[in-house]
Amino acid sequence: MIELYGDCASDPPLGATARTLATLRADDVVYGLGVLALERRAKTLGLAVRDSAAHAALATALARLEARVELVQVADAWPTVLAARSVARADELVLAAERARGAFGHQYLTIAGAVATPAVRAADPLATVVELVAGAGGALVEDWVAVAGGAPAGRLVERTTQARELGPLVLILPAGHQIVRRLRTPLADWLLRAASACEGCRVCSDACPQPLAPHEIVWTLSTLRDDGVELLRALACTGCGLCDAMCPSTLSPRALVVDVRDRLVHGNVKGHANGSVKGHLNANAAGLDLALLTLRLGLAPYDRPVDVSLR
Ligand code: SF4
Ligand code: SF4
Numbered sequence: 002m003i004e005l006y007g008d009c010a011s012d013p014p015l016g017a018t019a020r021t022l023a024t025l026r027a028d029d030v031v032y033g034l035g036v037l038a039l040e041r042r043a044k045t046l047g048l049a050v051r052d053s054a055a056h057a058a059l060a061t062a063l064a065r066l067e068a069r070v071e072l073v074q075v076a077d078a079w080p081t082v083l084a085a086r087s088v089a090r091a092d093e094l095v096l097a098a099e100r101a102r103g104a105f106g107h108q109y110l111t112i113a114g115a116v117a118t119p120a121v122r123a124a125d126p127l128a129t130v131v132e133l134v135a136g137a138g139g140a141l142v143e144d145w146v147a148v149a150g151g152a153p154a155g156r157l158v159e160r161t162t163q164a165r166e167l168g169p170l171v172l173i174l175p176a177g178h179q180i181v182r183r184l185r186t187p188l189a190d191w192l193l194r195a196a197s198a199c200e201g202c203r204v205c206s207d208a209c210p211q212p213l214a215p216h217e218i219v220w221t222l223s224t225l226r227d228d229g230v231e232l233l234r235a236l237a238c239t240g241c242g243l244c245d246a247m248c249p250s251t252l253s254p255r256a257l258v259v260d261v262r263d264r265l266v267h268g269n270v271k272g273h274a275n276g277s278v279k280g281h282l283n284a285n286a287a288g289l290d291l292a293l294l295t296l297r298l299g300l301a302p303y304d305r306p307v308d309v310s311l312r
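Under my numbering, the residues of the sequence shown are numbered 2 to 312, in order.
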């Protein structure tokens with residue numbers, strides 16, 4: 002079994018940071034994987050990739066550096082689920098390589114959505130969202146809102162939020178966009194909607210890559226009935242949002258499960274592993290085709306070529 006995976010595959014819709022770094026900084030990705038392998042005492046290493054150009058660049062770097070790393074091509078789907086003891090994103094690998102060389106760390110991120118020039122940038126970690134938007138040619142709308150992490154797994158952030166808090170994708174969207182409206186919906190509303198509209202179809206659970214059944218948690222919370230559902234299983238939720246994207250009633254199982262998870266974590270309750278390490282993944286969950294997900298999320302109008310100059 003792979004002990005440490007470098008994840009060059011998990012760009013969400015409109016995101017391009019992982020594939021750009023894997024393509025343009027392949028040597029650093031491989032070197033950074035080696036640095037983290039030493040830190041995390043991992044002996045079996047893998048690199049997961051979706052994009053063909055990134056795959057070719059990484060294969061060349063691995064051969065040149067004579068690195069013993071399994072290069073795995075994964076499906077063009079969201080989310081990418083990697084069974085490993087530890088997983089590190091492509092930007093974390095490049096930062097590890099820079100840190101090992103004593104170089105100044107950038108924040109590698111994509112700024113996309115309603116901006117003039119979607120771009121992948123090596124940003125100053127202290128740069129604000131406003132500055133990042135200006136660097137991407139400005140916003141296309143006045144009432145723009147920033148979503149760190151993109152969709153379907155992101156969160157709303159302020160325009161003053163700094164790059165170091167954004168992760169590898171910040172999505173700029175009009176305030177009225179469906180993604181923004183969903184993220185602004187209070188938890189109590191999601192509960193009410195679930196109580197009246199959840200069909201118990203289990204689509205969310207069938208899609209969930211983790212060993213948990215979101216439909217059970219939705220049912221328990223919205224009906225307040227104790228049917229013996231093990232809420233501790235919520236600790237395995239990664240917040241990927243696939244359940245939301247699949248729900249035929251446009252509910253948000255994610256909002257409810259993530260709330261339970263966060264309460265358990267804040268209460269210091271220990272349970273199933275949370276994070277990247279998964280022992281018993283849902284073998285039937287294959288993720289959702291990325292192009293279809295982009296359509297469903299209403300992001301197709303913003304799906305444009307990305308400037309990858311890494312300035
Ligand atoms: S997919 Fe939606 S409607 Fe179906 S069980 Fe899950 S929350 Fe309920
Ligand atoms: S957000 Fe959580 S519950 Fe929903 S599909 Fe992802 S891991 Fe499963």
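All C-beta atoms, glycine included, are put in the ideal place defined by N, C-alpha and C.
- Item | Check whether residue 123 and residue 109 have beta carbons under 7 Å apart | Numbered from 1 along the sequence shown, position 122 holds the residue referred to as residue 123. Numbered from 1 along the sequence shown, position 108 holds the residue referred to as residue 109. In contact: residue 123 and residue 109 (Cβ atoms closer than 7 Å).
- Message: Strictly closer than 7 Å from CB to any heavy atom of ligand 1: give me those residues in the order they appear in the chain.
- Response: 195, 198, 199, 200, 201, 202, 203, 204, 205, 206, 215, 216, 219, 244, 247, 248, 249, 250, 252, 254
- Spatial distance of residue 15 from residue 85 (CA atoms): The residue you call residue 15 lines up with position 14 of the sequence shown. The residue you call residue 85 lines up with position 84 of the sequence shown. Whole-angstrom Cα-Cα distance: 26 Å.
- Tell me whether residue 266 counts as near ligand 2, meaning its Cβ is closer than 6 Å to at least one heavy atom of that ligand. Locating residue 266 in the sequence shown gives position 265, counting from the first residue. No, ligand 2 has no heavy atom inside 6 Å of this Cβ.
- With a Cβ-Cβ cutoff of 7 Å, do residue 6 and residue 33 count as a contact? The residue labelled residue 6 in the question sits at position 5 within the sequence shown. The residue labelled residue 33 in the question sits at position 32 within the sequence shown. Result no, Cβ atoms of residue 6 and residue 33 do not sit closer than 7 Å.
- From residue 239 to residue 211, what distance separates their C-alpha atoms? Counted from its first residue, the sequence shown places residue 239 at position 238. Counted from its first residue, the sequence shown places residue 211 at position 210. Whole-angstrom Cα-Cα distance: 8 Å.
- Message: Which residue wins for smallest C-alpha separation from residue 186, given the options 253, 128, 135?
- Response: In the sequence shown, the residue the question calls residue 186 occupies position 185. Among 253, 128, 135, the Cα nearest to that of residue 186 is on 253.
- Between the Cα of residue 10 and those of 53, 37, 43, 38, spot the shortest distance and give me the residue it belongs to. Against the sequence shown, residue 10 aligns to sequence position 9. The residue with the shortest Cα to Cα distance from residue 10 is 53.
- Message: Please identify the residue among 129, 64, 3, 225 whose C-alpha is closest to the C-alpha of residue 163.
- Response: Walking along the sequence shown from the start, residue 163 turns up at place 162. The shortest Cα separation from residue 163 among 129, 64, 3, 225 belongs to 129.
- residue 274, DSSP secondary structure in three states: As a position in the sequence shown, residue 274 is number 273, starting the count at 1. Caution applies to residue 274, whose pLDDT of 47 falls short of 50 and renders its modelled position unreliable; the value that the coordinates give is listed next. It is coil, neither helix nor strand.
- Would you say residue 149 and residue 158 are within 7 Å of each other, going by their C-beta atoms? Your numbering for residue 149 matches position 148 in the sequence shown. Your numbering for residue 158 matches position 157 in the sequence shown. Cβ atoms of residue 149 and residue 158: closer than 7 Å.
- Task: Flag residue 239 as yes when its Cβ comes closer than 6 Å to any non-hydrogen atom of ligand 2, and as no otherwise.
- Result: Position 238 of the sequence shown holds residue 239. Answer for residue 239: yes, Cβ within range of ligand 2.
- In terms of alpha-carbon separation, which member of 267, 70, 22, 182 lies closest to residue 35? Start at 1 with the first residue of the sequence shown, and residue 35 comes out as number 34. Closest option to residue 35, Cα to Cα, is 70.
- Task: Using a threshold of 7 Å, state whether the C-beta atoms of residue 283 and residue 199 are closer than that.
- Result: Here residue 283 refers to the residue found at position 282 of the sequence shown. Here residue 199 refers to the residue found at position 198 of the sequence shown. Not closer than 7 Å, so no.
- Could you check if residue 225 is buried or exposed, using at least 16 other CB atoms within 10 Å of its CB as the buried criterion? Mapped onto the sequence shown, residue 225 falls at position 224. Exposed.
- Message: My output table needs one value for residue 93: the three-state DSSP class, helix, strand or coil.
- Response: Position 92 of the sequence shown, counted from the first residue, corresponds to residue 93. The answer is helix: DSSP assigns residue 93 an H, G or I state.
- In terms of residues, what are the limits of the beta strand (DSSP E) holding residue 110? Indexing the sequence shown from 1 puts residue 110 at position 109. Unbroken beta strand (DSSP E) run through residue 110: 108 to 114.
- Query: With DSSP run on the structure shown, which of helix, strand or coil describes residue 225?
  - Reply: Taking the sequence shown and counting its residues from 1, one reaches residue 225 at position 224. Residue 225 sits in coil when the DSSP states are folded into three classes, being neither helix nor strand.
- Drop a sphere of 10 angstroms on the beta-carbon of residue 247, count the other beta-carbons inside from all chains shown, and report buried for 16 or more, exposed for fewer. As a working mapping, residue 247 is identified with position 246 in the sequence shown. It is buried - the Cβ of residue 247 has at least 16 other Cβ atoms within 10 Å.
- Message: For residue 205, count the other beta carbons within 10 Å of its own beta carbon; 16 or more makes it buried, fewer makes it exposed. Which is it?
- Response: The residue you call residue 205 lines up with position 204 of the sequence shown. Answer is buried; the Cβ neighbour count reaches 16.
- Task: Please go through the region 283 to 312 and give each complete alpha helix (DSSP H) segment of 4 or more residues, from N-terminal end onward.
- Result: 291 to 297
- Query: Using 8 Å as the Cβ pair cut-off and three pairs as the minimum, do the region 254 to 265 and the region 286 to 303 touch?
  - Reply: no
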